[in-house]
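**Q** Residue 540 is where the sequence shown starts when you use the working numbering, and the numbers rise one by one after that. Structure incoming, see below.
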Amino acid sequence: MEFREVYCANCKKILGRYNTKYYNDEKIGELVNNTHSTHIRNGHQVHIRKFEKD
540 MEFREVYCAN CKKILGRYNT KYYNDEKIGE LVNNTHSTHI RNGHQVHIRK
590 FEKD
């Protein structure tokens, strides 16, 4: 299965993991803007990266 992870480089933790089957890139972008916006406002670097699990 393929997932997209929302990762904060400053906190060094995973903020969320979303399945690409149900969440496309647009939906993940909306989630980052809505739910993880406090990290962005505080100047943290938030990355979206690919994660594969067998």
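Idealized CB from N, CA, C, for every residue including glycine.
Provide the residue(s) that pair with Gly555 in DSSP beta bridges, ordered along the chain.
**A** Counting from one through the sequence shown, the residue named residue 555 turns up at place 16. DSSP output for Gly555 lists Val545 as bridge partner(s).
**Q** Assuming Val585 and Cys547 are in contact, meaning their beta carbons sit under 8 angstroms apart, how far apart are those beta carbons, in whole angstroms?
**A** Along the sequence shown, one-based indexing puts residue 585 at 46. Along the sequence shown, one-based indexing puts residue 547 at 8. About 6 angstroms; that satisfies the 8 angstroms criterion.
**Q** Within 10 angstroms of its Cβ, does Arg543 collect 16 or more other Cβ (buried), or is it exposed?
**A** What you label residue 543 is simply residue 4 of the sequence shown in a count that begins at 1. Answer is buried; the Cβ neighbour count reaches 16.
**Q** Quick check: the Cα distance between Asn563 and Glu541, rounded to an integer number of angstroms?
**A** Mapped onto the sequence shown, residue 563 falls at position 24. Mapped onto the sequence shown, residue 541 falls at position 2. Rounded to whole angstroms, Asn563 to Glu541 spans 11 angstroms at the Cα level.
**Q** Determine the DSSP secondary structure at Lys589, reduced to helix, strand or coil.
**A** As a position in the sequence shown, residue 589 is number 50, starting the count at 1. The answer is strand: DSSP assigns Lys589 an E or B state.
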